[in-house]
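Worksheet: the structure to be examined is printed underneath.
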Amino acid sequence: MQSFISYFETHVNNLTQQVKTLGNALTEQNKMVTHFMKEMSRIRRQGVGGISWWMFAFFLLWPFIAHQVIRMIIRRLQIIL
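Per my numbering, the sequence shown starts with residue 271, numbered consecutively.
Set out below in structure tokens:
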């Protein structure tokens, strides 16, 4: 009976240590994810290379928008002439 109690205590202690280790690992992982999310939020606000995301999208899309506006103007001029 004494050996069973000692065996049980040993396994309970091992299990307790594993649960503590897992808890510490989860806490550390939570800190890393929180830091990553804060960093992503900062990058979204500041943009990349000091340019905001809206400005980046504008520079990327303005040639297409200008092309469509010029085409509309030319079509209207052809209708008038």
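A virtual CB, placed ideally from N, CA and C, is assigned to each residue, including glycine.
How many whole angstroms separate the CB atoms of W323 and R312, which I take to be in contact at a CB cut-off of 8 Å? As a working mapping, residue 323 is identified with position 53 in the sequence shown. As a working mapping, residue 312 is identified with position 42 in the sequence shown. With 8 Å as the limit, W323 and R312 do not qualify as a contact, their Cβ atoms being about 13 Å apart.
(message) In this structure, how does DSSP classify M302 when only helix, strand and coil are distinguished?
(response) In the sequence shown, counting from the first residue as 1, residue 302 sits at position 32. Note: M302 maps to helix in three-state DSSP.
| query | Which value, in whole angstroms, describes the spacing of the CA atoms of K308 and M302? | reply | Stepping through the sequence shown from its first residue, residue 308 is reached at position 38. Stepping through the sequence shown from its first residue, residue 302 is reached at position 32. Going from the Cα of K308 to the Cα of M302 covers about 10 Å.
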